[in-house]
């Protein structure tokens, strides 16, 4: 297995994340989501990432057009803004939002 396929940080599935797992790699963030009838993995490459921050609930307080991947309306959550994709803003709730954002900024060498 290549190092590029090994997560540097993983937020395991929980009730807040509705069973979703969120991983940070050296070149991307992967949001592995389970919906009622299908699964989807959102891949946000480092080059497509505009910003990553922590937000207080509810999501609509800061944006109306964000895609919520879990219980973000009820918990402190992470918000990602990206350059491409139908939804440019994603909101999700890892186990520890502060740690997830800090690790993403550290591992991806982000200034946002």
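In this note's numbering, the protein residues as written are 1 to 112.
Backbone N, C-alpha and C define an ideal beta-carbon position, used for all residues, glycine too.
Small disclaimer: the values here were computed from a predicted structure and weren't measured.
A distance below 7 Å separates the beta carbons of residue 92 and residue 31. From the listed residues 75, 84, 88, the smallest Cα separation to residue 18 is found for 75. Between residue 38 and the set 15, 20, 28, 51, the nearest pair of CA atoms involves 20. Nearest to residue 84 by alpha-carbon distance, out of 42, 70, 14, is 42.
For residue 11, the secondary structure class from DSSP, reduced to helix, strand or coil, is strand.
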